[in-house]
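*Asks:* So for the sequence shown, the working numbering puts the first residue at 20; every next one is plus one. Sharing a structure with you now.
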Amino acid sequence: MNVPFVDLTAQYQSIRPEITLAIQKVIDENAYIKGRFAKEFEEKFAEFLSARHCIGVGNGTDAITIALKALGIGPGDEVIVPANSFVASSEAVSNAGASVVFVDVDPDYYTMDPRLVEAKITTKTKAIMPVHLYGQPADLKSLRQIADKHGLILFQDSAQAHGATIDGEPIAEFGDVLTFSFYPGKNLGAYGDAGAVLCNDENLAKRVNMLSNHGRVDKYDHEFEGFNSRMDGIQGAVLTVKLKYLDQWTESRIRNAALYDQLLGNIEGVEIPRVQKGMRHVYHLYVIRTSERARLQQFLKENGVATGIHYPIALPNLTAYNHLNCRAEDYPVSSKYQDEVLSLPMYAELTEEMIEYVSECIRKFFGP
Ligand SMILES: *Cc1c(COP(=O)(O)O)cnc(C)c1O
20 MNVPFVDLTA
30 QYQSIRPEIT
40 LAIQKVIDEN
50 AYIKGRFAKE
60 FEEKFAEFLS
70 ARHCIGVGNG
80 TDAITIALKA
90 LGIGPGDEVI
100 VPANSFVASS
110 EAVSNAGASV
120 VFVDVDPDYY
130 TMDPRLVEAK
140 ITTKTKAIMP
150 VHLYGQPADL
160 KSLRQIADKH
170 GLILFQDSAQ
180 AHGATIDGEP
190 IAEFGDVLTF
200 SFYPGKNLGA
210 YGDAGAVLCN
220 DENLAKRVNM
230 LSNHGRVDKY
240 DHEFEGFNSR
250 MDGIQGAVLT
260 VKLKYLDQWT
270 ESRIRNAALY
280 DQLLGNIEGV
290 EIPRVQKGMR
300 HVYHLYVIRT
310 SERARLQQFL
320 KENGVATGIH
330 YPIALPNLTA
340 YNHLNCRAED
350 YPVSSKYQDE
360 VLSLPMYAEL
370 TEEMIEYVSE
380 CIRKFFGP
């Protein structure tokens, strides 16, 4: 059996007529950049998260850079970022002109470890930026307390966590600003690049909107220099269609994860994901850990099962951050896990047979 790592075609087949119609309408109205289809999505996504404002932008990386700039965070300021994430999280901080300060992740949940954050706070710190890695919300309640105590912004990189909740509340309830990516492979994916910034503060929303659109107040009237990073009408229309199905797709991911948990939970040598109390983990990725990763990955490949590694080099250990002089031993959890994490196929359309097959292969690899 062949089990791909993701299967965007399967999802597309299930909504094809609606998508075709939605895209056709955008073209009929020439509403290519921003426009009413992007606006409709912004309104629906804000409502989905119980946030007051949503501004569509070009991609999830720009969303972070633009939101930081809109908050007035830049040169001379520090932002605390988890050591295990996709490079966009830290890259966007640097692109805003601010300095990245890495903090290690929790050994059980893989998200920013709140117990380590206060030691990283200096007089220059302006924001704490948890990432809801793999789809599990970071411990926002603890981080909120730390942020409030030190007068810092709580900034959520939510690129992997569409639909995640804490105690049943949308994650937007717990932070000042959230950014999303709608990269095609994300839980809510566009058919191209797209991203969004969400917040409750009207002035901040206005600045984000202006920054993403050349700092313009009106056509050819620019209050400051900004970016060209706007949501396309076609992406807005596609996302509006897909948003209707997001909860259903998320429930499927959660069911799929539960089946993996059940089939892999008692295999010696495999660590299955742990979910912190109160968190709705939306399983952007289903990540196991094993000290036999290279051999297991090869074995699965030979048996038709595609896997991924998120991420093979922890951020402080990347060449891109040599100038920060980070030492791997200062980020012991991330530096150890970079050699152990393995992402199994995970998407809503994954069948029970596929999950059983993948799990059976893993059981075979580890022996009786
Ligand atoms: C995907 C991702 C981003 C960047 O989003 P793009 O839309 O690809 O720019 C940022 N942070 C995290 C954690 C991501 O997974």
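Even for Gly, the Cβ is constructed at its ideal location relative to N, Cα and C. No experiment lies behind these values; they were computed from the predicted model shown.
To the nearest angstrom, how far is the alpha carbon of residue 109 from that of residue 156?
*Replies:* About 18 Å.
*Asks:* Does the segment 194-214 come within contact of the segment 247-260, defined as at least 3 CB pairs closer than 8 Å?
*Replies:* Taking 8 Å as the limit for Cβ pairs, the verdict is that the segment 247-260 does touch the segment 194-214.
*Asks:* Can you determine whether any heavy atom of ligand 1 sits closer than 7 Å to the C-beta of residue 84, and answer yes or no?
*Replies:* False, no ligand heavy atom lies under 7 Å from that Cβ.
*Asks:* Would you call residue 243 buried or exposed, if buried means 16 or more other Cβ atoms sit within 10 Å of its Cβ?
*Replies:* Exposed is the call here.
*Asks:* Just the C-alpha distance for residue 291 and residue 308, rounded to the nearest angstrom, thanks.
*Replies:* Taking the straight line from one Cα to the other gives about 7 Å.
*Asks:* In the DSSP assignment, find the unbroken alpha helix (DSSP H) run with residue 279 in it and report its ends.
*Replies:* Here the alpha helix (DSSP H) through residue 279 covers 265-283.
*Asks:* Give the C-beta separation of residue 227 and residue 85 to the nearest angstrom, bearing in mind that I take them to be a contact with Cβ-Cβ under 8 Å.
*Replies:* Correct: roughly 6 Å between the Cβ atoms.
*Asks:* Run through DSSP, which three-state label would residue 112 get?
*Replies:* Residue 112 falls in the helix class under three-state DSSP.
*Asks:* Using only the heavy atoms of ligand 1, determine whether one of them is closer than 7 Å to the beta carbon of residue 121.
*Replies:* No; taking the cut-off as 7 Å, the Cβ of residue 121 has no heavy atom of ligand 1 nearer than that.
*Asks:* Is it right to say residue 372 is buried, meaning 16 or more other beta carbons lie within 10 angstroms of its own, or is it exposed?
*Replies:* The residue is exposed, with fewer than 16 neighbouring Cβ atoms inside 10 Å.
*Asks:* By DSSP, does residue 368 sit in helix, in strand, or in coil?
*Replies:* Residue 368 falls in the coil class under three-state DSSP.
*Asks:* May I ask you to check if the CB of residue 326 is nearer than 7 Å to at least one heavy atom of ligand 1?
*Replies:* No; taking the cut-off as 7 Å, the Cβ of residue 326 has no heavy atom of ligand 1 nearer than that.
*Asks:* Reducing DSSP to helix, strand and coil, say where residue 90 ends up.
*Replies:* Coil.
*Asks:* Grouping DSSP H, G and I as helix and E and B as strand, with all else coil, what is residue 26?
*Replies:* The answer is coil: DSSP assigns residue 26 none of H, G, I, E or B.
*Asks:* Which complete alpha helix (DSSP H) runs does the segment 206-253 hold, if anything under 4 residues is left out?
*Replies:* Within the segment 206-253, the complete alpha helix (DSSP H) runs of at least 4 residues are 221-230.
*Asks:* With burial defined as no fewer than 16 other Cβ atoms inside 10 Å of the residue's Cβ, what is the status of residue 236: buried or exposed?
*Replies:* Residue 236 should be labelled exposed.
*Asks:* Among 134, 115, 347, which residue has its Cα nearest to the Cα of residue 97?
*Replies:* Nearest option by C-alpha distance: 115.
*Asks:* How do the segment 120-140 and the segment 158-170 stand: do at least 3 beta-carbon pairs fall below 8 Å, yes or no?
*Replies:* Cβ pair count under 8 Å is three or more, so yes.
*Asks:* Using only alpha-carbon positions, find the residue among 283, 33, 316, 384 that is nearest to residue 374.
*Replies:* Looking at the Cα atoms, 283 is the closest of the given residues.
*Asks:* Give me the residue from 184, 387, 117 with the minimum Cα distance to residue 266.
*Replies:* It is 184 whose Cα lies nearest to the Cα of residue 266.
*Asks:* Between which two residues does the beta strand (DSSP E) containing residue 362 stretch?
*Replies:* Element bounds for residue 362: 360-363.
*Asks:* Whole-angstrom Cβ separation of residue 294 and residue 377, contact assumed at under 8 Å?
*Replies:* That pair is no contact at about 20 Å.
*Asks:* Taking 7 Å as the cut-off, is the beta-carbon of residue 104 closer than that to any non-hydrogen atom of ligand 1?
*Replies:* Yes - ligand 1 has a heavy atom lying nearer than 7 Å to the Cβ of residue 104.
*Asks:* With H, G and I counted as helix, E and B as strand and the rest as coil, what does DSSP make of residue 342?
*Replies:* In this structure, residue 342 counts as helix in the three-state DSSP scheme.
*Asks:* Name, in chain order, the residues that DSSP records as bridge partners for residue 171.
*Replies:* Answer is none; residue 171 lacks a bridge partner.
*Asks:* Residues in the same chain with beta-carbon distance under 7 Å from residue 212, minus the five sequence neighbours each way, listed in chain order, please.
*Replies:* So the qualifying residues of the chain are 77, 78, 202.
*Asks:* For residue 88, is the classification buried or exposed, using 16 other Cβ atoms within 10 angstroms of its Cβ as the cut-off for buried?
*Replies:* The residue is buried, with at least 16 neighbouring Cβ atoms inside 10 Å.
*Asks:* Would residue 304 and residue 93 be called neighbours here (beta carbons separated by less than 8 Å)?
*Replies:* Not in contact: residue 304 and residue 93 (Cβ atoms no closer than 8 Å).
*Asks:* Any heavy atom of ligand 3 inside 7 Å of the beta-carbon of residue 305?
*Replies:* Among the ligands in the structure shown, ligand 3 does not appear; only ligand 1 can be found there.
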